[in-house]
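S.K.:
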Amino acid sequence: MNMKQSSPKPYWNSYWAGFGLGLVLLTSFVIMGRGLGASGAFTTAVATAVHEVAPAHAENNPFYAEYLGDGSRSPLKDWLVFEVLGVFVGGFLSGVLANRLKFAVEKGPRINTTRRLIFAFIGGGLMGIGAKIALGCTSGQALTGGALLNAGSWTFMWCVFGGAYAVAYFFRKQWI
Amino acid sequence: MNAPFYKFGLFGDEASFIIAFLIGIGFGFFLERAGFGSGRKLAAQFYLRDLSVLKVMFTAIVTAMTGLYVLSRTGMVDLSLVYLVPTFLVPQIVGGLLLGIGFVIGGYCPGTSCVSAATGRIDGMVYLAGMIAGLLGFAEVYPFIVNFAHSTSMGQITLPRLFNLPYGLLVFAVVLMALGAFAAGEWAEKKFGGKEPDPNGSLIGASRKLTPVRTLALGLAAVGLFAAFAGDPYRGSRATIDTRDLAIRVGKGADAIQPAQLAGWIIQGQNGFRLVDLRPEKEYAAYHIPTAQDVPLASLTPDFAAHNEKLILYSDDSMEAAKAWFLLEAQGFRSVYVVEGGLQKWRETVLFPRKSSEISDTAFERQAEVAKFFGGAPQAEGASIPANAALALPKTAPVALPTLPDVGGSNAPAKKKKKEGC
């Protein structure tokens, strides 16, 4: 009994998880007239933090300025910021219900933890930069724009897969 | 039903944040259910051992796409009000490649890293820290690459419009492509991942039973097939007009914008509107008001802009613009304005203003400044009224305009819009 409770439950079938995700996206279209996102919320958070520390620097930087709004209210009062807070909560809830909460490092057997974490940091950095150049990440561009048949999003999506497959071989020790 | 609800003003910003939070919970929940809190499972996509990323992503895309098509086609959703991220072709190719490389190195994309961190994965947390570092670095470099970031701009454009194909047909094509990719993916999982297809959870398994997963696939294919023949999902091609309301608005002149006012907005760098030049391409190329986009009258289809976007139209005089105004109003556009007097008046009042006893020196000085800004020249008092051809029109100024302090007088700058996209 105890054993059963603590062992993680299997993941859902991909098609049903995708169907659920699609319905969430559709709900967002119908209620809000916009899709999902992720990276934008972090940009807003970073812009707000920089603005707190060095207001002049943030206001003079065209990149930050775009995320700071007109100053009439906190830039953190932003749709994507609340949405991403929800993503953390939703992920946590699902993890709890499936016994998947665990402090661990996801990696293949052929790499040590330190190296894996360095790679995670570098990968995160590249993603942050790429998402800003492309005006969105896998959520805001590929998923949302994909469903809207957005020309740029489909271009973007193929390039994500293309870039990933092109370099996957060189990083195989990290994963397999 | 008038959806998207938010864009029709059914609730305000405060309520939208609660909805954002709830939608986010759903988003995070399904990502975690799919196993996307694990970088190892995600990365397996790129070694063809576990194609969950492909399956989850395309099932989601197809579900939302077909659902949105049906709701729009039946008139419940105004598709033109659903925000489209504008296309910048080369930046999106470069950004996409970077993201793909980052995906393999980091193991996550921004959304899935949140779920990973929320379920305790340390690499997910480190990934997030890396992303924040990347954003901080990018902000410092951004001023130097801003021209690149804005290059190859194509505006808000869908594939059906780009390739001039029926929207529904493309919906069907995407459904078929996705189903084909699923079958290929399951085959790859078996070959490279050694995974036998789960009899209940796969499309190509040996059993011939109509499992729920196969029913889902058939259902999506059926909606796709319907879309292929059901026509355009955009509203507006068959709109009804409230002629009384139109007449009142025309009578009040509420739809007119003075050239001087427009000049002030352009100088301030306001971007809360789209300036549309209705003249043929040739005339547009010879001269147009800076920031204007050339959309000849015949190209004013219902989907050329979002229906709630602020559109400012101009042509040589008011007449042509008025026709377009009426056309767009009839198509259901909600805020269409006309530059009063068209280019004619723009030329007389903005480019080549004349000193007269009615205006004070300071006011004229300001006009002169504006005129010079747009490449025109102020005219001395008593100068003969220039004929149309007498004054050469300036070369159109580049779109990136410097800001001039305190021009436009009473026009308070519109609220700066925050980015809507991701």
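So the protein sequences, as listed, match chains E and R.
Counting from 1, position 113 in the first sequence corresponds to residue 113 in the numbering used here; the numbering is continuous, with no gaps.
Adding 1000 to a residue's 1-based position in the second sequence gives its number in the numbering used here.
Note that beta-carbon positions come from the ideal geometry of N, C-alpha and C, so glycine has one too.
(1) Going straight from the alpha carbon of E/G145 to that of R/F1008, what length do you get?
(2) Okay, do the region 107 to 125 of chain E and the region 1121 to 1135 of chain R touch, 3+ Cβ pairs below 8 Å being the bar?
(3) Excluding the 5 residues flanking R/A1003 on each side, which residues of the same chain have their C-beta closer than 8 Å to its C-beta?
(4) What are the start and end residues of the beta strand (DSSP E) that includes R/R1033?
(5) For E/Y15, report the span of its alpha helix (DSSP H) as first-last.
(6) Residues in its own chain within less than 7 Å of R/A1387 by CB, not counting five upstream and five downstream?
(7) Who are the Cβ neighbours of R/T1066 in its own chain at under 8 Å, not counting the five residues just before and after it?
(8) Where does E/M127 fall in DSSP's three states?
(9) Got a sec: is the Cβ-Cβ distance from E/V89 to anything in chain R below 8 Å?
(10) On the criterion of 16 or more Cβ atoms from any shown chain inside 10 Å, does R/N1164 qualify as buried, or is it exposed?
(11) With R/I1157 as the anchor, note down where its alpha helix (DSSP H) starts and where it stops.
(12) Is DSSP giving R/Y1083 helix, strand or coil here?
(13) Measure from the C-beta of E/N13 to each C-beta in chain R and report whether the shortest distance is under 8 Å.
(14) Looking at R/I1312 and R/L1275, is the spacing between their C-beta atoms short of 8 Å?
(15) Could you work out which residues of chain R lie near E/E83, taking near to mean beta carbons separated by less than 8 Å?
(16) By the 10 Å Cβ neighbour count, where 16 or more other Cβ atoms means buried, how is R/V1104 classified, buried or exposed?
(17) Just checking: is the beta-carbon of E/S7 within a distance shorter than 8 Å of some beta-carbon in chain R?
(18) Just the C-alpha distance for R/V1062 and E/A151, rounded to the nearest angstrom, thanks.
(19) How is R/Q1270 classed by DSSP in three states: helix, strand or coil?
(20) Exposed or buried, what is E/S14 when buried is set at 16 or more other beta-carbons lying within 10 Å of its beta-carbon?
(21) What are the boundary residues of the beta strand (DSSP E) that E/S72 is part of?
(22) If you measure beta-carbon to beta-carbon, which residues of the region 89 to 116 of chain E are closer than 7 Å to chain R?
(23) With a cut-off of 8 Å, does the C-beta of E/S74 fall near any C-beta of chain R?
(24) Beta-carbon within less than 6 Å of R/M1001's beta-carbon, same chain only, minus the 5 sequence neighbours each way: which residues are those?
(25) Where does R/R1121 fall in DSSP's three states?
M.R.: Based on what the coordinates show:
(1) 22 Å
(2) yes
(3) L1071, M1076, V1077, D1078
(4) Here R/R1033 belongs to no beta strand (DSSP E); instead the alpha helix (DSSP H) covers 1013 to 1033.
(5) 14 to 32
(6) Confidence at R/A1387 is low in this model, with a pLDDT of 48, below 50, so its placement is unreliable and the value that follows should be read with caution. Counting only Cβ-Cβ distances below 7 Å, and skipping sequence neighbours, we find nothing.
(7) V1171, V1175, L1220, V1223, G1224, A1227
(8) helix
(9) yes
(10) exposed
(11) First-last for R/I1157: undefined, no H or E at that position.
(12) coil
(13) yes
(14) yes
(15) A1020, F1021, I1023, G1024, F1027
(16) buried
(17) no
(18) 16 Å
(19) coil
(20) buried
(21) First-last for E/S72: undefined, no H or E at that position.
(22) V89, G90, G91, F92, L93, S94, G95, R100, L101, K102, F103, A104, V105, E106, K107, G108, R116
(23) no
(24) M1076
(25) strand
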